[in-house]
Amino acid sequence: MIHDDSSTRMLLRSIIRASSDFDAFCIDFFSDVYARFSSGMDRVERENQLLHLIPAEKIIAALKKRYAEQMERVERSESTGTPLGPPAVSTPIHSDLPMETPPPLSDPALEELRKAYRDKNLIAFVGAGLSAAAGLPLWRQLAELLRDHARDRTVSKDQLDEIQVLIDKERFIDALSALKSALGGGEFCKVIEMQLDDAGRQLPEVAKALAALGLATPGPTLRAVLTTNVDHLLERAFEGRWPALARATGDIAQRRHYILKVHGTLIDRGSWVFTREDYDRSMYADPQLQAAFSALFRTCPILFLGYGLADDDFDQVLAHVRALSGDHSPRHFALVDAKTMRPNRQRLLENAGLRLIPYPTGKHGQVIEVLRWLRS
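Residue numbers (full-length UniProt numbering): 1 to 376.
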């Protein structure tokens, strides 16, 4: 098995660059992909796209086949005594419509979602699942880590028992509130900073796929990214090309191409939203910003990803979106693990205007495939 490591891809780049019939090679072997990036790009950009979109094994297999075809032509020419002419080149079929790749999931809502993306008005709302893909703790794990720290600091058994009951009931916001009270603000914040620091962690593929939707040129892009994560994975994925805002501004509904961190950012403790008290004073509670958020949520479809349907945090976010967008908001979407789908819960959410798009249990890589497909 040949892996897509850097040395292999450097070798492939040199082989492809030496080929005089690069376009014919792509049309013959990867026409469905090539149609997506051939227009408006020079050859170097097309080579980069090919190496990015196609696994090295497939490119090598195609190169071997092309080499075998060329050798067969040479042998036939020598045996018949006829001059060796130019290789046959497949003629691309031109169409007014771009070639489409099939969606990764058989859900009709995906076409509606892609239309929202192509209209350049789609907002991605990102939860802790993206951070978990980098090895950072989810809400339950964070609460349990803080509980263990509190136990080591000789917090009383009664307090620990109360905290454990809240964790077991998945009331993580209340559990974190009790933990901050038990530990004290300074100690609580130090543990948070240590556990949610993404420095040195590899960017997860889902973050890269999301950034590709935002930075795509030419073509449509995301309007904005909102997140409840305080780490810096999204800023790193967007390579600093989109500003990261720890607090909303009054003109947020008119802006484009930004990352709004609605629960604050790790380097600014004063911006954090973890406890019940934090939620009560969050940006959603600011009367001056409610009108701006209302305008944003009324006009822009939202794709939620990285949230579990049972997440306490997700309920809070969705409640704010519903309250501020009213009855005439566009349809919103959520990519969710099928195991979290419950008939009654699904009905309530879809009645509230949220279209759930389930993927097979545990197959979180499907989220990446959907994000990549939106660009196709």
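For each residue, glycine too, the CB sits at the ideal point set by N, CA and C.
Spatially closest choice to residue i from the options, by CA coordinates
i, options, result
"S106", "I357, S376, R322, G362", "I357"
"H364", "D268, S131, P343", "S131"
"L203", "H257, I302, R236", "R236"
"I173", "A310, V321, I368", "A310"
"Q141", "A246, E57, V191, V126", "V191"
"F271", "P301, L160, C189, D315", "It should be noted that the sequence gives Ser, not Phe, for residue 271. It is C189 whose Cα lies nearest to the Cα of S271."
"D119", "K339, P330, A334, L348", "P330"
"residue 379", "K339, V370, F314", "Limits of the chain in this structure are 1 at one end and 376 at the other, which puts residue 379 out of reach."
"A175", "R256, T275, T249", "T275"
"Y359", "P343, S376, A338", "A338"
"T249", "D286, T228, S325, R241", "D286"
"A291", "L371, A216, D251", "D251"
"D168", "M194, V155, W139", "W139"
"R355", "Q366, P343, T340, L335", "L335"
"H263", "D280, A109, R347", "D280"
"L234", "R256, R255, K261, V273", "K261"
"G240", "R255, A211, S376, G362", "A211"
"F333", "E111, L63, K64", "E111"
"Q316", "E144, D278, M194", "D278"
"Q157", "S282, R345, A182, R347", "Per the sequence presented here, residue 157 reads as Lys, with Gln not at that position. K157 has its Cα closest to that of A182, out of S282, R345, A182, R347."
"E193", "T217, E170, L145", "L145"
"R171", "A143, Q159, G186, L160", "A143"
"I123", "P102, D161, F293, P343", "F293"
"H320", "L63, T361, L160, T228", "T228"
Other residues of its chain near residue i: CB distance less than 7 Å, five sequence neighbours each side excluded
i, result
"A295", "A253"
"L196", "L136, V230, D231, L266"
"D268", "A246"
"A209", "I368, L371, R372"
"Y258", "A224, W242, P243, L245"
"L166", "D174, A175, A178"
"T340", "G308, L309, A310"
"D198", "A134, L136, D231, H232, L233"
"R345", "L309"
"G200", "none"
"Q366", "P104, L105, Y359, P360"
"A216", "R375"
Host beta strand (DSSP E) of residue i (start-end)
i, result
"A337", "The question names Ala, but residue 337 is Asp in the sequence shown. Taken as a continuous stretch (DSSP letters only), the beta strand (DSSP E) holding D337 covers 332-337."
"R355", "354-359"
"L309", "Unbroken run through L309: none, as it is neither H nor E."
Beta-carbon contacts of residue i that lie in its chain and below 6 Å, excluding the five residues immediately before and after
i, result
"G85", "With a pLDDT of 45 at G85, under the threshold of 50, the modelled position of this residue cannot be trusted; read the value that follows with caution. There are no such residues."
"R322", "A352"
"R147", "I163"
"Y307", "G127, F314"
"R298", "S325, S329"
"F125", "L226, I302, F304"
"D121", "Residue identity check: residue 121 is Asn in the sequence provided, not Asp. Counting only Cβ-Cβ distances below 6 Å, and skipping sequence neighbours, we find R223, C300."
"S282", "V273"
"G129", "G306"
"V155", "A182"
"Q159", "A182"
N-terminal and C-terminal residue of the alpha helix (DSSP H) that residue i is part of
i, result
"F188", "185-195"
"A209", "205-215"
"V225", "Per DSSP, V225 belongs to no alpha helix (DSSP H); it is in the beta strand (DSSP E), 224-227."
"A246", "That residue, A246, is in no alpha helix (DSSP H); it is neither H nor E in DSSP."
"W373", "365-375"
"R236", "233-237"
"R347", "343-351"
Beta-carbon proximity list for residue i, same chain, < 8 Å, skipping 5 on both sides
i, result
"L374", "L113, R114, Y117, L213"
"R256", "R223, A224"
"K180", "F188, F274, T275"
Short CB-CB distance (under 8 Å) between residue i and chain C
i, result
"Q141", "Among the chains of the structure shown, chain C does not appear; only one protein chain is present."
Cβ-heavy atom distance, residue i to the ligand SAH, below 7 Å
i, result
"L318", "Among the components of this structure there are no ligands whatsoever, and the ligand SAH is therefore not found."
Open item on the list: Quick check on the DSSP output: what are the complete beta strand (DSSP E) runs of length 3 or more inside the segment 91-171, in order along the chain?
Closed with: 123-126
TODO: Within the segment 254-291, note down every full alpha helix (DSSP H) run reaching 4 residues or more, in order along the chain.
DONE: 276-280
Open item on the list: When you compare the segment 131-150 with the segment 203-222, are there three or more beta-carbon pairs, one atom per stretch, that lie closer than 8 Å?
Closed with: yes
TODO: Determine, using beta-carbon pairs with one atom in the segment 143-151 and one in the segment 212-228, whether at least three such pairs fall under 8 Å.
DONE: no
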